[in-house]
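Protein sequences, first through last, are from chains A and B.
The first sequence begins at 395 in my numbering and counts up one residue at a time.
The second sequence begins at 118 in my numbering and counts up one residue at a time.
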Amino acid sequence: MMKMLKLVTCIKQVPMVSELPWDPRTGTLKRNLADGMINPACRYALEAALILKNTYGAEITAITMGSDIAEEVLREAFAMGADRGILVSDPKMAGADTLATSLVLSRAVQTACADFDLILCGCHTSDSETAQVGPQMIEELDIPGVTYVDRLELDGRLLRLQRLSDNFIETLEMELPGLVTITTQRQAPRYVPLAGLQDAFTDKDISRLSLEDLDLDPELTGAKGSPTKIINVFSPTAEKDNIIMKGSARKIVQQLFDQFDDKIGGAIGKDIKDYQESQ
Amino acid sequence: MKDSIKEIWVFGDYRNYFQNRVTLQLLSRATELAKMLQAKVCAVVFGDQVDEWVNEYIAHGADRVLVIDHPDLKNYKIETYVNLMIRLIGKQRPEIILVGATNFGREFAPRIAKRLKTGLSADCVDLDINDEGLLVQTAPSFGGNILAQIITPECKPQMATVRPGTFQEIPHNYERTGEIVRIPMPADLPKERVHLIFSERSPQRSQRIEEAKVVICGGRGMGSKKKFKKLTELGELMNAEIGATRPVVYANWIEADALIGQAGKHIKPKVLFAFGISGAIQHTAAINNAEFIIAVNKNPNAPMMAMADIAIVADANQVCTAMIKELKVRIRG
Ligand SMILES: Cc1cc2nc3c(=O)[nH]c(=O)nc-3n(C[C@H](O)[C@H](O)[C@H](O)COP(=O)(O)OP(=O)(O)OC[C@H]3O[C@@H](n4cnc5c(N)ncnc54)[C@H](O)[C@@H]3O)c2cc1C
Ligand SMILES: Nc1ncnc2c1ncn2[C@@H]1O[C@H](COP(=O)(O)O)[C@@H](O)[C@H]1O
């Protein structure tokens with residue numbers, strides 16, 4: 395008999411910034427998720443893992459690197475159907491750029507699930523959006539890997555993938571073990587069942603890993619292990635000396651078209667002068 | 118090792134029109150950086166029968182082109198390309214490497230950076246050289262309206278990816294000459310483990326919006342999917358393309374390829390309408406080249422209003438509806 399498929403998903407907790415997810419049916423915001431949520435692309439990665447689990451049978455290990463509260467996203471992953479949760483947490487890891495992050499996560503995979511078949515990451519995170527951690531884990535682990543995957547199917551040890559990359563629709567194949575990063579284009583993630591969420595807080599245990607557990611040199615992690623340094627942050631101000639228009643919509647639009655008929659009419663290739671009035 | 122003149126490398130992605138444009142844009146910025154650094158600009162081209170591109174890159178500012186031309190390189194192969202690049206870098210030691218933030222570039226550059234254990238900043242909106250001769254990479258950060266200036270002080274090469282449309286290409290000059298270095302395809306490359314089985318050009322993704330003279334962008338302030346669709350009607354009257362912000366795309370009011378911004382497309386219309394958009398940097402980074410901006414927002418203090426030529430303080434839906442009505446009357450025939 396073939397051994398059970400072992401899947402690992404790397405999920406990150408991200409702040410909500412200004413973008414709450416919408417309920418597509420009611421068109422309203424899901425405010426209950428406002429504090430910290432699973433990064434959207436990671437949720438799609440988890441969904442892709444769950445589909446593989448339903449089809450072929452698999453054990454899913456969810457891994458997150460973050461502070462203690464990142465445990466929440468592992469609970470949510472349990473509720474969706476993940477089997478194991480690993481929280482990689484250590485103050486020495488703070489301030490990591492993608493080089494250091496990919497090292498820690500790779501080491502965590504090797505420690506918690508050395509005989510993995512497939513690692514699924516999100517294609518990017520909504521807070522940093524570097525989209526670098528996945529490809530860098532591929533290098534760190536020296537396994538085949540494909541980014542921006544929309545669809546995947548398994549044929550024995552052969553993984554067949556589809557993606558849209560720079561205007562090409564590509565079908566690719568690689569042998570397991572490997573790594574894929576998943577986009578938010580295809581299979582929408584399932585809802586978290588409420589009952590499942592309750593069980594997830596009571597039934598399942600989360601294992602914690604520190605730097606020591608990973609046997610990693612602190613020099614290679616966190617801010618120390620990150621070659622990029624931020625030297626300055628600023629908010630760009632692009633103040634223009636602009637024209638402000640107020641009042642009723644109709645009045646504004648007439649004024650706009652009258653005063654800027656050259657600009658707007660010229661660009662749209664149509665004459666928008668008001669002939670009724672000028673005649 | 119060769120002489121001590123520093124080099125700025127640009128990865129030559131030529132696969133189709135728009136990827137090629139980003140290569141030319143990077144070459145343009147690289148020539149400016151090279152002046153500050155007294156460095157040379159070098160394009161790196163892999164592929165099968167790529168002379169056309171080699172010449173084009175010289176015409177657009179490359180002092181040198183490193184070429185590996187071989188039938189095996191006809192299709193982009195990630196592992197092979199990474200291995201080739203690593204070997205070239207090992208021999209030639211460039212100071213800086215710039216890669217277009219195309220899908221391929223965003224897969225390729227992080228892997229190169231990881232192998233070399235150097236830094237890489239993604240989606241830079243500006244690149245500069247500081248007093249110490251380091252590459253200053255300006256990139257959006259912390260998920261907010263903030264730009265960060267990033268350096269890679271201790272590692273070489275310094276690496277950055279840049280979205281298409283961020284820099285302006287310089288006009289070609291086919292009189293320009295440059296050194297063409299042809300490198301044989303190494304015979305001992307590790308075997309590629311990722312196999313491209315099939316590839317076709319995607320039919321649906323049009324590039325029209327990047328070229329459009331008029332773009333109408335809608336944001337979350339449009340209120341609902343139904344109201345957002347009104348913009349399409351307005352767009353038809355104005356021969357305009359419709360763009361959107363990320364929350365709109367996430368809410369599925371419009372297809373993902375309408376996304377304008379750091380994570381989407383860069384545009385440079387003559388006239389840009391921004392309806393119900395707050396003006397987050399991730400969005401506005403991609404509209405810097407719009408000539409004339411008309412913003413409609415209930416909030417006069419939204420950053421989008423500050424960067425507009427005309428700031429209309431009003432309800433976006435009402436203005437949209439009024440424009441449709443008014444245009445129907447005004448456009449005769
Ligand atoms: C890493 C990263 C990458 C990102 N990439 C992109 C990207 O590529 N593109 C992108 O667009 N975003 C991107 N974002 C998201 C970006 O930060 C903003 O959240 C987003 O652009 C905001 O969209 P918005 O302006 O539509 O919505 P909001 O910020 O919610 O603004 C809505 C605006 O509408 C106004 N409004 C409300 N009701 C009305 C009304 N009735 N009439 C008129 N005005 C009204 C409000 O005053 C407000 O200013 C990215 C974010 C991150 C973290
Ligand atoms: N702290 C983290 N914990 C777990 N996974 C992460 C973390 N950071 C990044 N990842 C993974 O890497 C992907 C890409 O992240 P990024 O390169 O930051 O855009 C995410 O979708 C995750 O799958």
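We put the beta carbon where it would ideally sit given N, CA and C, even for glycine.
| Asked | Found |
| --- | --- |
| Could you pull the start and end residues of the beta strand (DSSP E) that Glu547(A) belongs to? | 539-549 |
| Select from Gln653(A), Leu401(A), Lys640(A), Glu613(A) the residue whose C-alpha is nearest the C-alpha of Ala433(B). | Lys640(A) |
| Taking 7 Å as the cut-off, decide whether the C-beta atoms of Val527(A) and Thr577(A) are in contact. | no |
| Taking 6 Å as the cut-off, is the beta-carbon of Asn414(B) closer than that to any non-hydrogen atom of ligand 1? | yes |
| State whether the region 284-297 of chain B contacts the region 174-194 of chain B, with contact taken as three or more CB pairs (one from each stretch) at a distance under 8 Å. | yes |
| Using the rule of at least 16 other Cβ atoms within 10 Å of the residue's Cβ for burial, across every protein chain shown, is Pro307(B) buried or exposed? | exposed |
| Please go through the same chain and pick out, in chain order, the residues whose beta-carbon is closer than 8 Å to the beta-carbon of Gly421(A), but skip the five residues on each side of it. | Residue confidence for Gly421(A) is low, a pLDDT of 39 falling below 50, so the modelled location carries little weight and cannot support an answer. |
| Mind checking whether Val540(A) and Leu499(A) have CB atoms under 7 Å apart? | no |
| My understanding is that Gly360(B) touches Glu327(B), with C-beta atoms under 8 Å, so please give their C-beta distance in whole angstroms. | With a Cβ gap of about 10 Å, Gly360(B) and Glu327(B) do not count as contacting. |
| Measuring straight from C-alpha to C-alpha, what distance separates Gly479(A) and Ile432(A)? | 14 Å |
| Closer than 8 Å between beta carbons: that is the criterion. Which residues of the region 650-666 of chain A meet it against chain E? | In summary, chain E is missing from the structure at hand, where the protein chains are A and B. |
| With a threshold of 8 Å, are at least 3 pairs of Cβ atoms found where one atom belongs to the region 218-233 of chain B and the other to the region 176-188 of chain B? | no |
| Between Ala277(B) and ligand 2, is the CB less than 6 Å from at least one heavy atom? | no |
| Mapping the DSSP letters down to three states, classify Trp462(B) as helix, strand or coil. | Nothing can be reported for residue 462(B): it is not among the residues displayed for chain B, which extend from 118 to 450. |
| Taking 6 Å as the cut-off, does the CB of Thr524(A) come closer than this to any heavy atom belonging to ligand 1? | no |
| Sorry if obvious, but does the Cβ on Gly528(A) come closer than 6 Å to a heavy atom of ligand 2? | yes |
| Evaluate Glu547(A) with the Cβ neighbour count: other Cβ atoms within 10 Å of its Cβ, from every protein chain shown; 16 or more gives buried, anything less gives exposed. | exposed |
| Taking 8 Å as the limit between beta carbons, can you name the residues of its chain near Ile405(A), skipping five residues before and five after? | Ile432, Asn433, Cys436, Arg437, Ala439, Leu440, Ala456, Ile457, Thr458, Val467, Leu468, Ala471, Gly516 |
| Could you tell me which of Leu605(A), Leu399(A), Tyr542(A), Arg602(A) sits nearest to Thr449(A), measuring between CA atoms? | Leu399(A) |
| Does the beta-carbon of Gly238(B) have 16 or more other beta-carbons within 10 angstroms, so that it is buried, or is it exposed? | Here residue 238(B) is Ser; the residue named in the question, Gly, does not match the sequence. Flag for Ser238(B) reads buried. |
| Need the endpoints of the alpha helix (DSSP H) that Glu534(A) sits in, please. | 527-535 |
| Quickly, what does DSSP pair Asp243(B) with across the bridge? List them, please. | Thr255(B) |
| If we count the other Cβ atoms within 10 Å of its Cβ and call it buried at 16 or more, is Gln407(A) buried or exposed? | buried |
| According to DSSP, is Lys486(A) part of a helix, a strand, or is it coil? | helix |
| Can you tell me whether DSSP reads Ala277(B) as helix, strand or coil? | strand |
| Can the beta-carbon of Phe651(A) be found closer than 7 Å to that of Ile662(A)? | no |
| For ligand 2, is there any heavy atom lying closer than 6 Å to the beta carbon of Met431(A)? | no |
| With a threshold of 16 other CB atoms inside 10 Å of the CB of Ala525(A), please say whether the residue is buried or exposed. | buried |
| Taking the CB atoms as reference points, tell me whether Phe390(B) and Ile411(B) lie closer together than 7 Å. | yes |
| Regarding Ile394(B) and ligand 1, is the C-beta to nearest heavy atom distance less than 6 Å? | yes |
| Distance cutoff 7 Å, beta carbons only. Does Asp496(B) sit that close to anything in chain A? | Given that chain B is displayed from residue 118 to residue 450, the structure contains no residue 496(B) and the question cannot be resolved. |
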